[in-house]
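Some notes on the structure that comes next.
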Amino acid sequence: MSRISFYLKERIKEIRHRVLLESYEAQKLPKWERIVLTWMMLFIFWIIVSSSIVLENLLIGGLATLIISSFMYNMLTDDIRHSGHLVEKIFYIVFFYMPQYIFIMIFRIIESNFKVAKHAVLMDINPGIVKIKTDLHSDTGITILANSITLTPGTLTLDVDRKLGEAYLYVHWIDVKTLNREKAGESIKGDIEEWLKKVFW
Amino acid sequence: MIEYLFLLLGEAIMVFGALGILRFPDVYTRLHAATKCDTGGAMNILIALAIYADTSTLIKLKFLVLAFLIAMINPMVSHAIARGAYKYGIKPEVVVDMYAWDNP
């Protein structure tokens, strides 16, 4: 009896893992869309860094970035969520999602600067290390979430732990208010995770 | 005129960050002050430079690329320092330590 329940538990775990991987594979972008996205990023970077818009410069930069992006297309765009047409996706990312993120992060950085100044003057600190759960699975999404958590007021990411398709973050919190995992996660992550869920897997 | 506002704000943030580094008790709380105040102060000073500099728009955009790179790299470095300090064995002065519960 006990062996059967063990077997069923392992089987359910295996099936869950496989469903997760299959849904991940189905949400990946096709190859040429990835190459185009990487090429656009690298080309904009080339124009800003070389800072001249002569025709020869644009031709050389376009060719070199096309060669690079045809080899390195996996690195940047492996985790972007699959939805809609390519032009629509670029339009949404450039004109809706990026300004939202920049707008959120500017105000969070200013708030965190003033909060650190307040803590440095008044010394009303109550530090602690808490563990929170994220709903993101991809590498890029977790990296950007951890960086954003470090820049938001009063928190600093210590380590990331991944078990069975679920990711946990250890966060050093300078002013611990609650030990409940859901409440702590809500007040630490805020609306950044809602934003990241729209773009990354 | 507005660039002096950005410049003064950046310098004030840097001063309070240095004060925080001097006054906080241990490594982790000092990293809070170092990361946030360095990022905010350097970004404010770079925005002031981008407004003030007497060059073309594409060269001004380079300052914004620099600000973006600082905002991406600075938290990663602070995370590496904090994790390295924990692995080396420096105990934090905390009320609750869930990282030590899971990695005994």
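Residue numbers (my numbering), protein chains in the order written: chain R, 11 to 211; chain P, 160 to 263. The C-beta atom is built at its ideal place from N, Cα and C for all residues, glycine as well.
Assumed close pair residue i, residue j - CB separation to whole angstroms, cut-off 8 Å
i: THR188 (chain P); j: LEU161 (chain R); result: Going by Cβ atoms, the distance from THR188 (chain P) to LEU161 (chain R) rounds to 16 Å, so no, they are not a contact pair.
i: ASP256 (chain P); j: ILE139 (chain R); result: 5 Å
i: TYR111 (chain R); j: LYS208 (chain R); result: With a Cβ gap of about 10 Å, TYR111 (chain R) and LYS208 (chain R) do not count as contacting.
i: ALA130 (chain R); j: ALA192 (chain P); result: 6 Å
Enclosing beta strand (DSSP E) for residue i [first to last residue]
i: VAL255 (chain P); result: From DSSP, VAL255 (chain P) is part of no beta strand (DSSP E); its letter is neither H nor E.
i: GLY138 (chain R); result: 138-144
i: ASP171 (chain R); result: 165-173
Residue range of the unbroken alpha helix (DSSP H) whose run includes residue i
i: TYR245 (chain P); result: 216-247
i: ALA74 (chain R); result: 65-87
i: LYS125 (chain R); result: 108-132
i: ALA194 (chain R); result: 191-199
i: LEU166 (chain P); result: 161-182
i: ALA212 (chain P); result: Careful: ALA212 (chain P) lies outside any alpha helix (DSSP H) and carries neither H nor E.
i: SER62 (chain R); result: Element bounds for SER62 (chain R): n/a, residue is neither H nor E.
i: ASP149 (chain R); result: 149-161
i: ILE103 (chain R); result: Run containing ILE103 (chain R): none; DSSP gives neither H nor E here.
Distance, residue j Cα to residue i Cα
i: ILE116 (chain R); j: GLU20 (chain R); result: 46 Å
i: LEU223 (chain P); j: VAL253 (chain P); result: 37 Å
i: ILE77 (chain R); j: ILE90 (chain R); result: 22 Å
i: GLU212 (chain R); j: SER33 (chain R); result: Missing from the structure shown is residue 212 (chain R); chain R here goes from 11 to 211 and no further.
i: VAL126 (chain R); j: GLY176 (chain P); result: 7 Å
i: ASN217 (chain P); j: ILE58 (chain R); result: According to the sequence as given, residue 217 (chain P) is Leu; it is not Asn. Approximately 6 Å, taken between the alpha carbons.
i: LEU190 (chain P); j: ILE119 (chain R); result: 15 Å
i: GLU121 (chain R); j: PRO163 (chain R); result: 6 Å
i: VAL97 (chain R); j: GLY72 (chain R); result: 19 Å
i: VAL236 (chain P); j: THR188 (chain R); result: 28 Å
i: LEU228 (chain P); j: LEU181 (chain P); result: 27 Å
i: THR153 (chain R); j: MET51 (chain R); result: 19 Å
i: MET85 (chain R); j: LYS141 (chain R); result: 29 Å
i: ILE202 (chain R); j: ASP261 (chain P); result: 26 Å
i: PHE113 (chain R); j: ALA244 (chain P); result: 33 Å
i: LEU30 (chain R); j: TRP49 (chain R); result: 30 Å
i: LEU132 (chain R); j: ASN123 (chain R); result: 14 Å
Chain-order list of residues whose beta-carbon lies under 7 Å from that of residue i (same chain, five-residue window excluded)
i: LEU166 (chain P); result: ILE204, ALA207
i: SER80 (chain R); result: ILE45
i: TRP56 (chain R); result: GLY71, THR75
i: THR167 (chain R); result: ALA156, ILE159, THR160, LEU179, VAL181
i: PRO251 (chain P); result: ASP185, TYR187
Residues of its chain near residue i, where Cβ-Cβ distance is below 6 Å and the 5 sequence neighbours each way are ignored
i: LEU47 (chain R); result: THR87
i: GLU162 (chain P); result: ALA207, ILE210, TYR211
i: PRO137 (chain R); result: ILE184
i: ALA226 (chain P); result: MET202, LEU205
i: THR165 (chain R); result: ILE159, VAL181, TRP183, ILE198
Per DSSP, the bridge partner or partners of residue i
i: LEU179 (chain R); result: R:ILE142, R:VAL170
i: PHE210 (chain R); result: R:ILE90
i: VAL185 (chain R); result: Looking at the sequence provided, one finds Asp at residue 185 (chain R) rather than Val. Partner(s): R:ASN136.
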